[in-house]
Amino acid sequence: MAFGDGAREYIDRKKAGMVMLMQNLAGHVEAEMKQNAPWRDRTGNARNGLHAGVEIGQDRFTFYLSHGVEYGVFLELAHGGNYAIVRPAADIYAPKLRDAIIDWWRSV
């Protein structure tokens, strides 16, 4: 075992745990968006197309919320935002995600 291997293993475990934390939160956010979307469904496509997830890159983790339908942008922006769900969810969960990640990296 070379000098620093333990530190690398620790960081790798922390990164893996952070991905799990983010994926877990993404599942909760997606379910909440689908449950609380303020529009009335006609086809169910917009509600079913709401997504939350995590993209993993080289030392980069991206938490995303999105619509899966072309007209999702109109639901978010038209009518004064009365039918928005992605932006309100991001506003609610961004601080929670930030705090959870900070707590995760502070823990031993």
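Residue numbers (the numbering used here): 1096 to 1203. Glycine is no exception: its CB is placed at the ideal position from the N, C-alpha and C atoms.
DSSP three-state assignment for residue i, whether helix, strand or coil
i       : result
Tyr1178 : coil
Leu1160 : strand
Arg1155 : strand
Ala1189 : helix
Gly1112 : helix
Ala1147 : strand
Asp1136 : coil
Val1203 : coil
Phe1169 : helix
Gly1122 : helix
Gly1099 : coil
Option nearest residue i by Cα separation, candidates the options
i       : options                               : result
Ile1211 : Asp1107, Leu1116, Gln1153 and Glu1171 : No information on residue 1211 is available, as it lies outside the stretch 1096 to 1203 that the chain covers here.
Gln1118 : Tyr1159, Asn1143 and Gln1153          : Tyr1159
Ala1132 : Leu1170, Arg1193 and Glu1150          : Leu1170
Asp1154 : Tyr1178, Val1114 and Gln1130          : Val1114
Leu1120 : Tyr1178, Arg1193 and Ile1106          : Arg1193
Ala1179 : Trp1134, Tyr1105 and Gly1163          : Trp1134
Gly1152 : Lys1110, Arg1201 and Val1164          : Lys1110
Close Cβ partners of residue i (< 7 Å) along its chain, the five nearest in sequence each way excluded
i       : result
Glu1150 : Thr1157 and Tyr1159
Lys1129 : Arg1142 and Leu1145
Gly1112 : Trp1199
Gly1148 : Ala1121 and Tyr1159
Sequence-distant residues of its chain with Cβ nearer than 8 Å to residue i (five each side left out)
i       : result
Arg1182 : Glu1171 and Gly1176
Tyr1166 : Ala1141
Cβ neighbours of residue i in the same chain (closer than 6 Å, five flanking residues each side left out)
i       : result
Ser1161 : His1146
Could you check whether the stretch 1122 to 1141 touches the stretch 1183 to 1200, counting it as contact only if at least three pairs of C-beta atoms, one from each stretch, sit closer than 8 Å? yes
Can we say the stretch 1098 to 1113 touches the stretch 1131 to 1145, given the rule of at least three CB pairs closer than 8 Å? no
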